[in-house]
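Take a look at the structure below.
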Ligand SMILES: Cc1ncc(COP(=O)(O)O)c(C=O)c1O
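Here it is as structure tokens:
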């Protein structure tokens, strides 16, 4: 553990200095990358001030940076790694597939086995189409919904993330008024309307009064994997309302799929969507995704079934759709999930971690709280300095979305650096995902790391009290 030092002041942070010292090779690489890549990064969530660490390898719940520092990993490959890094079955499957060829420009047997492995866990996946990313899957889902219903407007929830294509950019981190983000046509944004999550009255009114809603799409457990949680009853109500209104229900299970339960949030909530999108776990840590659902909707992609149903076929190429290496990883991962208790182990570790963090926060007298469901955890850092927060009985449903998502940028950034200094890689909001490879010892070490990081922040006067 790094000892908490004396307070040097926010502009001359000891945490930042220690981080720079401990991750010098990462710092040098970041400086070089900055001349080539915006901010030196490849994904906005990997942005960190002053720079992010460069990772060389991972194994199980750990990853190591180029300076040789080991981290307990809760970033979890953006949620893809429910089996941890380099699960032996996934690694063997990928190696075998890579040795046979990465791109045949043709069908291959693994894509059938992959589709079956998904269908085994997700009964609503009557038919499936593979894409290369979750973004492509949600793009296709709404295109299918618009074509199927003959309606053009999509209903989304503020703060819910569905990838970065043009229909999804406003209302996620900004432009909550529905205006288009830079580079997106105003007309496209207008056809993707926003409602506050959980506001059933608003959804009811829109679906009652308008005849142009093709679909309602949501992150079923709430935005950012339940950072702003939704109840199962809300999702079930959406199912009823969409059905009555002739609109489709699209569950974006890119994160929740195979994680909220083996069969995803739809199994957990007992909701059968018209369409679902999956990525991350579905491809076992490789690039890959799928849009799946009712046969007659997905069949709009079918050269024969579409015209037979009186519809124009929807085109869908994609060089790396269902590529054999991702297929191999996906089959291996989904088979482990179907045949072992990996999903439950990951969830049990997260429950242990949430409880351990809350116990520690209470002992520290800090009005923060850890919360979440299944194999995830979020850290509420109480940006409004609310009184009466008790970590162990914190109810995120009693706190608004703005507060749950709100953060003090410098405090959270420094906390993340302090966690890295203490051997833990969280996500940018200080929460993360557990995997089936995290042990109870890792959980205990993580709680100790959070405690040490809090001490470092206190020493820099970054924390109240
Ligand atoms: C709920 C959700 N939908 C869609 C996406 C986009 O997936 P991808 O990053 O594979 O494009 C993400 C990515 O994090 C996601 O969390």
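Residue numbers (our numbering): 11 to 475.
Idealized CB from N, CA, C, for every residue including glycine.
Task: Residue from 188, 58, 396 and 263 whose Cα sits closest to the Cα of residue 376 - done: When only C-alpha atoms are compared, the closest one is 396.
TODO: Pull up the DSSP beta-bridge partners for residue 119, would you.
DONE: The bridge partners DSSP lists for residue 119 come to none.
Task: Heavy atoms of ligand 1 versus C-beta positions, residues under 6 Å - done: The set, ordered by position in the chain, is 88, 143, 144, 145, 148, 171, 172, 173, 229, 262, 264, 265, 289 and 299.
Task: Reduced DSSP secondary structure (H/G/I, E/B, other) of residue 464 - done: Correct three-state label for residue 464: helix.
Task: Among 320, 296 and 282, the one whose alpha carbon lies nearest that of residue 303 - done: Among 320, 296 and 282, the Cα nearest to that of residue 303 belongs to 282.
Task: Whole-Å CB distance - residue 91 paired with residue 382, under 8 Å assumed - done: A Cβ-Cβ distance of about 17 Å is found for the pair residue 91 and residue 382, leaving them out of contact under the 8 Å criterion.
TODO: Count the C-beta pairs between the segment 296-315 and the segment 151-159 that are closer than 8 Å, then say yes if the count reaches three, no if not.
DONE: For the pair of segments examined, the segment 296-315 was found to touch the segment 151-159: the number of CB pairs separated by less than 8 Å reaches three.
Open item on the list: So, for residue 210: in the same chain, excluding its five sequence neighbours on each side, which residues have a beta-carbon less than 7 Å away from its beta-carbon?
Closed with: Cβ neighbours of residue 210 beyond the five flanking positions: 244 and 247.
Task: Supposed contact pair residue 274 and residue 266 - C-beta distance, whole angstroms, cut 8 Å - done: Taking the Cβ atoms as the reference, residue 266 lies roughly 5 Å from residue 274, within the contact range of under 8 Å.
Task: Test: residue 143 CB closer than 9 Å to a CB of chain B - done: The structure shown contains no chain B; it holds only a single protein chain.
- [ ] Could you have a look at residue 264 and say whether DSSP puts it in helix, strand or coil?
- [x] It is coil, neither helix nor strand.
- [ ] For the alpha helix (DSSP H) containing residue 202, list its first residue and its last residue.
- [x] No alpha helix (DSSP H) holds residue 202; the beta strand (DSSP E) holding it covers 202-205.
Open item on the list: Helix, strand or coil for residue 170? Go by DSSP, reduced to three states.
Closed with: If DSSP states are grouped into helix, strand and coil, residue 170 belongs with coil.
Open item on the list: Once DSSP output is grouped into helix, strand and coil, what is the label at residue 286?
Closed with: Residue 286 falls in the strand class under three-state DSSP.
Open item on the list: Which of the three DSSP states is assigned to residue 223 in this structure?
Closed with: Of the three classes helix, strand and coil, the one that applies to residue 223 here is strand, per DSSP.
Open item on the list: Please report the straight-line C-alpha distance between residue 232 and residue 171, rounded to a whole angstrom.
Closed with: The straight-line gap separating the alpha-carbon atoms of residue 232 and residue 171 is approximately 10 Å.
TODO: Along the beta strand (DSSP E) that carries residue 66, what are the first and last residues, could you check?
DONE: Taken as a continuous stretch (DSSP letters only), the beta strand (DSSP E) holding residue 66 covers 65-69.
Open item on the list: Taking 9 Å as the threshold (C-beta atoms), are residue 84 and residue 404 in contact?
Closed with: Going by C-beta atoms, residue 404 is not nearer than 9 Å to residue 84.
TODO: Determine which residues share a DSSP beta bridge with residue 239 and list them.
DONE: DSSP, once it has assigned bridges, lists 232 as partnering residue 239.
Open item on the list: Please tell me whether residue 162 and residue 96 are closer than 9 Å, where the distance is taken between their beta carbons.
Closed with: Result no, Cβ atoms of residue 162 and residue 96 do not sit closer than 9 Å.
Open item on the list: Quick check: residue 230 and residue 279, are their CB atoms within less than 9 Å of each other?
Closed with: Yes, they are a contact pair.
Open item on the list: At the level of alpha carbons, what is the spacing between residue 367 and residue 379?
Closed with: Each residue's Cα considered, the two are about 8 Å apart.
TODO: Quick one: using the 10 Å Cβ neighbour count with 16 as the cut-off for buried, is residue 27 buried or exposed?
DONE: Of the residues assessed, residue 27 falls on the exposed side of the cut-off, its CB having fewer than 16 other CB atoms within 10 angstroms.
Open item on the list: Quick check: the Cα distance between residue 427 and residue 133, rounded to an integer number of angstroms?
Closed with: In a straight line, the C-alpha of residue 427 is about 43 Å away from that of residue 133.
Open item on the list: With H, G and I counted as helix, E and B as strand and the rest as coil, what does DSSP make of residue 301?
Closed with: Residue 301 falls in the strand class under three-state DSSP.
TODO: Would you mind sorting residue 471 into buried or exposed? The rule is 16 or more other CB atoms within 10 Å of its CB.
DONE: Classification for residue 471: exposed.
- [ ] Report, in whole angstroms, the separation of the C-beta atoms of residue 205 and residue 165, which I expect to be a contact under 8 Å.
- [x] The Cβ separation is near 6 Å, so the contact holds.
Open item on the list: Quick check: residue 407 and residue 241, are their CB atoms within less than 9 Å of each other?
Closed with: In terms of Cβ geometry, residue 407 and residue 241 form a close pair [threshold 9 Å].
Task: Within 9 Å, strictly: CB atoms of residue 59 and residue 423 - done: Between residue 59 and residue 423, the C-beta gap is smaller than 9 Å, which places the two residues in contact.
Open item on the list: By DSSP's criteria, residue 378 is part of a beta bridge. Which residues make up the other side?
Closed with: None, per the DSSP bridge assignment.
Open item on the list: Check this for me: beta carbons of residue 70 and residue 94, under 9 Å apart or not?
Closed with: Their beta carbons are under 9 Å apart, which means residue 70 touches residue 94 by this criterion.
Task: Which residues DSSP lists as bridging residue 140, in chain order - done: DSSP lists 300 as partners of residue 140.
Open item on the list: Ignoring anything shorter than 4 residues, give me the alpha helix (DSSP H) runs that lie fully in the segment 379-465, in order along the chain.
Closed with: For the segment 379-465, whole alpha helix (DSSP H) runs of length 4 or above, ordered along the chain, are 411-415 and 419-431.
Task: Pair within 9 Å by beta-carbon distance, residue 51 and residue 43 - done: Going by C-beta atoms, residue 51 is nearer than 9 Å to residue 43.
Task: Sequence-distant residues of its chain with Cβ nearer than 7 Å to residue 23 (five each side left out) - done: Listed in chain order, the non-local C-beta contacts of residue 23 below 7 Å within the same chain comprise 424 and 470, local neighbours out to five positions each way being set aside.
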